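Chemist:
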Amino acid sequence: MKKLAVVGTGYVGLVSGTCFAEIGNQVICCDVDQGKIDRLKAGEIPIYEPGLEELVASNVEAGRLSFTTEINTAIQSSDIIYIAVGTPMSETGEADLRYVKAVANTIGENLNDYKVVVNKSTVPVGTGELVRSIISEHVNNTIEFDVVSNPEFLREGSAIYDCMNMERAVIGATSEKAADIIAELHAPFKTNILKTDLESAEMIKYAANAFLATKISFINDIANVCERVGADVTKVAEGMGLDSRIGSKFLQAGIGYGGSCFPKDTQALVHIADEVNYDFKLLKSVIETNDLQRLRMIEKVENVFGKDLSGKTIAVLGLAFKPNTDDMRYAPALTIIPELVRKGAKVKGFDPIAISEAKKELGDQLEYSTDLYEVLKGSDLCLVLTEWKEVLEMDVEKVKQLLKQPIIIDGRNCFELEEMKSYNIQYISIGRQEVPKQLVNV
Numbered sequence: 009m010k011k012l013a014v015v016g017t018g019y020v021g022l023v024s025g026t027c028f029a030e031i032g033n034q035v036i037c038c039d040v041d042q043g044k045i046d047r048l049k050a051g052e053i054p055i056y057e058p059g060l061e062e063l064v065a066s067n068v069e070a071g072r073l074s075f076t077t078e079i080n081t082a083i084q085s086s087d088i089i090y091i092a093v094g095t096p097m098s099e100t101g102e103a104d105l106r107y108v109k110a111v112a113n114t115i116g117e118n119l120n121d122y123k124v125v126v127n128k129s130t131v132p133v134g135t136g137e138l139v140r141s142i143i144s145e146h147v148n149n150t151i152e153f154d155v156v157s158n159p160e161f162l163r164e165g166s167a168i169y170d171c172m173n174m175e176r177a178v179i180g181a182t183s184e185k186a187a188d189i190i191a192e193l194h195a196p197f198k199t200n201i202l203k204t205d206l207e208s209a210e211m212i213k214y215a216a217n218a219f220l221a222t223k224i225s226f227i228n229d230i231a232n233v234c235e236r237v238g239a240d241v242t243k244v245a246e247g248m249g250l251d252s253r254i255g256s257k258f259l260q261a262g263i264g265y266g267g268s269c270f271p272k273d274t275q276a277l278v279h280i281a282d283e284v285n286y287d288f289k290l291l292k293s294v295i296e297t298n299d300l301q302r303l304r305m306i307e308k309v310e311n312v313f314g315k316d317l318s319g320k321t322i323a324v325l326g327l328a329f330k331p332n333t334d335d336m337r338y339a340p341a342l343t344i345i346p347e348l349v350r351k352g353a354k355v356k357g358f359d360p361i362a363i364s365e366a367k368k369e370l371g372d373q374l375e376y377s378t379d380l381y382e383v384l385k386g387s388d389l390c391l392v393l394t395e396w397k398e399v400l401e402m403d404v405e406k407v408k409q410l411l412k413q414p415i416i417i418d419g420r421n422c423f424e425l426e427e428m429k430s431y432n433i434q435y436i437s438i439g440r441q442e443v444p445k446q447l448v449n450v
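Read in order, the letters of the sequence shown are residues 9 to 450 in my numbering.
Pasting the structure below:
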């Protein structure tokens, strides 16, 4: 059993800390936000992640997991200190390291014996050395410590599963001793362990996310070509995915990536390349393609109604950037809904989880509801932005009856074309041929 302090109770810190407790470690999750710690102590989880609330409760009850604002005490009583604070994208595109630096300062001021300090946050190459130098400025020279980069690879909506069944643990360390300690910590996960230097571990995280983002933008560009030549992108992606060199994951055409990782990590990697005078043209194109893909939904609406949407009511299904999360960071809805409103449309939005977060970003630009059919009632068009279970299982015949005009524009390709033909509606998706419009009076 190891004693861990996890500094930062956001998405990465809370999930990782809870999972480390689940495999038998003593974990203290720390945060400077007293309100957040108070809520966690009361059993209230500040983020939506399936299974997290139950796992937190069981580990708190077992005495393996606790929460505190006393970061100093947590550092001194732990063997391993995880830095899991936010690294948001700055205005220039680079990662903002102010919170990482602040934690490093606190660690240096409170180091009382040998510790392994681990960067779990996604950070630019060189941050491990930066953390080491900041700690060294404050710590007594007789006290040793090591710095490790151990990036996370969690998907929102399935983070507990991803952590408990992790595909790999990347451990970039300044010493073999530290690498062995973190490898031993991960042994119960029975995962593949890759030991490397700090810089390579930091780059692995960015490179992995950038490559996945590239796959998404690539298949979306292919989808746009498919629409023009009469091909079906779902079949194209299926055929591509059967090639073991390519694989089927992240080849689902849609309206682009969002969330907390891909947008900021791709921009951060471009900035890292710029800093060393390398023009990363491919990744810049990936970002541009992703930005434009959202606007193609607006174009599809305009193809139906024209550029002036005055007097039209649009039902938007899904506000979060993906299902099973309330995360609105870089969600396509944040681009699409304001543009619909700017063009004169009235917007009604459905989401089962993310309405509270959506209101912080979109305010009163739309009407909100957790009732999918209420949102559809009397609307001129249905626009699918998130493939929630409620959307995938919705009664299409009922949808047809509730809409003023039976038109669905599906940004996530939730339904089979042959199925939609049987409903006698106008069905417009991504990278596939439009189901012929019948009985549609625009």
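Built from N, CA and C at the ideal position, the CB exists for glycine as well.
Small disclaimer: the values here were computed from a predicted structure and weren't measured.
For Ser166, which of Asp379, Ile55, Gly326, Arg337 has the nearest alpha-carbon?
Modeler: Ser166 has its Cα closest to that of Ile55, out of Asp379, Ile55, Gly326, Arg337.
Chemist: Please go through the same chain and pick out, in chain order, the residues whose beta-carbon is closer than 7 Å to the beta-carbon of Lys412, but skip the five residues on each side of it.
Modeler: Excluding sequence neighbours, Lys412 sits near Gly386, Ser387, Asp388.
Chemist: Is the Cβ-Cβ distance between Phe258 and Ile230 less than 7 Å?
Modeler: No, Cβ-Cβ distance for Phe258 and Ile230 is not below 7 Å.
Chemist: Given that a residue counts as buried once 16 or more other Cβ atoms are within 10 Å of its Cβ, and exposed if not, what is Tyr286?
Modeler: Tyr286 should be labelled exposed.
Chemist: In terms of residue numbering, what span does the beta strand (DSSP E) encompassing Arg253 cover?
Modeler: From DSSP, Arg253 is part of no beta strand (DSSP E); its letter is neither H nor E.
Chemist: Taking only runs of the beta strand (DSSP E) that begin and end inside the region 143–209, which ones reach a length of at least 3 residues, in chain order?
Modeler: Taking only runs of at least 3 residues, the beta strand (DSSP E) segments lying wholly in the region 143–209 are 153–157, 176–181, 200–204.
Chemist: Rounded to whole angstroms, what is the Cα-Cα separation between Ser86 and Gly439?
Modeler: One C-alpha to the other measures close to 53 Å.
Chemist: For Val233, count neighbouring Cβ atoms within 10 angstroms of its own Cβ and tell me buried if that reaches 16, exposed if not.
Modeler: When all chains shown are included, Val233 counts as exposed.
Chemist: My output table needs one value for Thr1: the three-state DSSP class, helix, strand or coil.
Modeler: Nothing about residue 1 can be read from this structure; the chain reaches only from 9 to 450.
Chemist: Give the DSSP-derived three-state secondary structure of Gly357 in the structure shown.
Modeler: It is a strand residue.
Chemist: Is any heavy atom in the ligand GDP found nearer than 6 Å to the beta carbon of Leu250?
Modeler: The model on display carries no ligand, and the ligand GDP is accordingly not part of it.
Chemist: With contact counted as at least three CB pairs below 8 Å, one residue from each stretch, are the region 184–196 and the region 34–48 in contact?
Modeler: Contact between the region 184–196 and the region 34–48 is absent, because fewer than three Cβ pairs lie under 8 Å.
Chemist: Return the CA-CA distance between Cys27 and Cys171, expressed in angstroms with no decimal places.
Modeler: Between Cys27 and Cys171, the C-alpha separation is close to 7 Å.
Chemist: List, from N- to C-terminal side, the beta strand (DSSP E) runs of 3 residues or more that fit wholly inside the region 81–116.
Modeler: Listed in chain order, they are 88–91.
Chemist: Please report the Cβ distance between Thr459 and Ser141, rounded to the nearest whole angstrom; I am assuming they are in contact, meaning their Cβ atoms lie under 8 Å.
Modeler: Beyond the ends of the chain as shown, which are 9 and 450, falls residue 459; an answer cannot be given.
Chemist: Asn120: buried (16+ other C-beta within 10 angstroms of its C-beta) or exposed?
Modeler: Counting Cβ neighbours within 10 Å, Asn120 comes out exposed, since fewer than 16 surround it.
Chemist: Per the DSSP calculation, Phe75 is bridged to which residue(s)?
Modeler: Answer by DSSP bridge pairing, in chain order: Cys37.
Chemist: To the nearest whole angstrom, what separates the beta carbons of Gly180 and Ser157, a pair I think is in contact under 8 Å?
Modeler: Indeed, because the Cβ distance is near 4 Å, the residues count as touching under 8 Å.
Chemist: Determine whether the beta carbon atoms of Leu12 and Val40 lie at a separation below 7 Å.
Modeler: Contact: no.
Chemist: Name the two residues that bound the continuous beta strand (DSSP E) containing Gln434.
Modeler: Start and end: 434–436.
Chemist: Scan the region 398–440 and note each continuous alpha helix (DSSP H) run of 4 residues or more that stays entirely inside, going in chain order.
Modeler: Listed in chain order, the complete alpha helix (DSSP H) runs (minimum 4 residues) inside the region 398–440 are 404–410, 425–429.
Chemist: Based on Cα-Cα distance, which residue from Leu348, Ala362, Leu290, Thr343 lies nearest to Gln275?
Modeler: For Gln275, the nearest C-alpha among the options comes from Leu290.
Chemist: Out of Trp396, Asn432, Ser430, which one is the CA nearest neighbour of Cys422?
Modeler: Checked all of Trp396, Asn432, Ser430; the closest Cα to Cys422 is Trp396.
Chemist: Which residue wins for smallest C-alpha separation from Leu105, given the options Ile415, Ile89, Gly136?
Modeler: Residue Gly136 is the option with its Cα nearest to Leu105.
Chemist: What distance in whole Å lies between the Cβ atoms of Ile89 and Val125, which are believed to be in contact at a cut-off of 8 Å?
Modeler: Yes, they are in contact, since the Cβ atoms of Val125 and Ile89 sit about 5 Å apart, within 8 Å.
Chemist: From Gln373 to Lys330, what does the alpha carbon distance come to, in whole angstroms?
Modeler: Each residue's Cα considered, the two are about 21 Å apart.
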